[in-house]
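Undergrad:
There are 2 protein chains.
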Amino acid sequence: MIPLVPRAATTSDAFNAVAEPRRRQILNYLADTERSVGDIVSRLGLEQPSVSKHLRVLRDVGLVRAKRHGRHVMYRTNPDAIRPLHEWTKTFERFWVHQLTRIKERAEGKGREPGYDR
Amino acid sequence: MIPLVPRAATTSDAFNAVAEPRRRQILNYLADTERSVGDIVSRLGLEQPSVSKHLRVLRDVGLVRAKRHGRHVMYRTNPDAIRPLHEWTKTFERFWVHQLTRIKERAEGKGREPGYDR
DNA sequence: ATCATATATTCCTATATCGGAATGTGTCAA
DNA sequence: TTGACACATTCCGATATAGGAATATATGAT
């Protein structure tokens, strides 16, 4: 039977790839230096297949690059692929610039702006 | 039976909430002005229940605020909640600053850096 | 060729998630 | 109170996804 409304593919863009906490950890870890899969496994304490699968997702969306080195495969994050996310969040930047007063207010316990109770 | 390894809750943080394209549309639309649910429905051409459900997710993670106004409920995005995403992406900023040459290279068709063929 | 190491893939299962349809709740007006 | 309008929730079915375990592939060493 033909699927009525196929669910949108999820792990096929950077936003979704990054939604997974472990994948963010991996990206953080690979930001400065390239690392082998084994390094990631021991550093983050994850199962090896799990790491490989996450790397696969990250690679498919271009967030990491891989290079074989002997029996090791070295990965490093590709910061350019993160840029679109940065640009999107940046469109909201103007709202939190010069808002030290608001930050102060929240620090004082005032959770929400007046009128917004939900 | 107790679930062996419960999958991590997903729609419970901003990263996941924002991973859904429609939710980003909504956030964009609500960035400048508060809008009613009906406005969002007609503007984005989505089903009303769908919009309500997305708004629910966004509200639960604090990305939007709601205020009742007669029979309408006005929503607006809460930019502060987007800030953590911005901060995270920003940690990669240093890698793409002053990289006009790279951008140029890619425009010339050189997809990946030398050595990274995967 | 064989073995060990490093990494990738496949299979399976439980759960999460989305959309659609139907229904529920709240608010204003007459 | 009844009805209309605005929005929210629930139920359903299809699919996506993550983790675990097992297995496959690739490379280097002997």
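For the protein sequence lines, the chains are A and B, in the order given. Heads up, the first sequence is in the working numbering, so the first residue is 1484 and it goes up one at a time. Heads up, the second sequence is in the working numbering, so the first residue is 1484 and it goes up one at a time. C-beta atoms are modelled at their ideal positions from N, C-alpha and C, and glycine is treated no differently.
1. Please go through the same chain and pick out, in chain order, the residues whose beta-carbon is closer than 7 angstroms to the beta-carbon of GLN1508 (chain B), but skip the five residues on each side of it.
2. Using a Cβ cut-off of 8 angstroms (strictly closer), state whether TYR1512 (chain B) contacts chain A.
3. Output the distance between the C-alpha atoms of ASP1563 (chain B) and ASP1563 (chain A), rounded to the nearest integer angstrom.
4. By Cβ distance below 8 angstroms, which residues in the same chain neighbour GLY1521 (chain B) in space, the five residues on each side in sequence not counted?
5. If the cut is a Cβ gap below 7 angstroms, which residues of chain B does VAL1501 (chain A) touch?
6. Excluding sequence positions up to five away, which residues of its chain have a Cβ less than 7 angstroms from the Cβ of VAL1501 (chain A)?
7. Which same chain residues end up closer than 7 angstroms to ASN1523 (chain B) when comparing Cβ atoms and leaving out the 5 residues on each side of it in sequence?
8. Any beta-carbon of chain B closer than 8 angstroms to the one on PRO1486 (chain A)?
9. Against chain B, which members of the stretch 1553-1567 of chain A pass a CB distance test of less than 7 angstroms?
10. Taking Cβ positions, are ARG1559 (chain B) and GLU1503 (chain B) nearer each other than 8 angstroms?
TA: Let me lay it out:
1. Your numbering for residue 1508 (chain B) matches position 25 in the second sequence. The beta carbon of GLN1508 (chain B) is closer than 7 angstroms to those of LEU1527 in its chain, skipping five residues each way along the sequence.
2. The count along the second sequence starts at 1 and reaches residue 1512 (chain B) at position 29. Not an interface residue.
3. Counting from 1 along the second sequence, the entry for residue 1563 (chain B) is found at position 80. Counting from 1 along the first sequence, the entry for residue 1563 (chain A) is found at position 80. Approximately 25 angstroms, taken between the alpha carbons.
4. Working through the second sequence from its first residue, we reach residue 1521 (chain B) at position 38. GLN1531 and HIS1555.
5. Residue 1501 (chain A) sits at position 18 when you count from the first residue of the first sequence. Per Cβ cutoff of 7 angstroms: PHE1498.
6. For the purposes of this step, residue 1501 (chain A) is taken as the residue at position 18 of the first sequence. Within the same chain, VAL1501 (chain A) has close Cβ partners ARG1507 and LEU1568.
7. Locating residue 1523 (chain B) in the second sequence gives position 40, where the first residue counts as 1. It should be noted that the sequence gives Ile, not Asn, for residue 1523 (chain B). Only ILE1509, TYR1512 and VAL1534 meet the Cβ criterion.
8. In the first sequence, counting from the first residue as 1, residue 1486 (chain A) sits at position 3. Its pLDDT being 41, under 50, PRO1486 (chain A) is placed unreliably by the model, and nothing is read from it.
9. PRO1562, ASP1563, ILE1565 and ARG1566
10. On the second sequence, residue 1559 (chain B) is found 76 positions in, with the first residue counted as 1. On the second sequence, residue 1503 (chain B) is found 20 positions in, with the first residue counted as 1. Contact: no.
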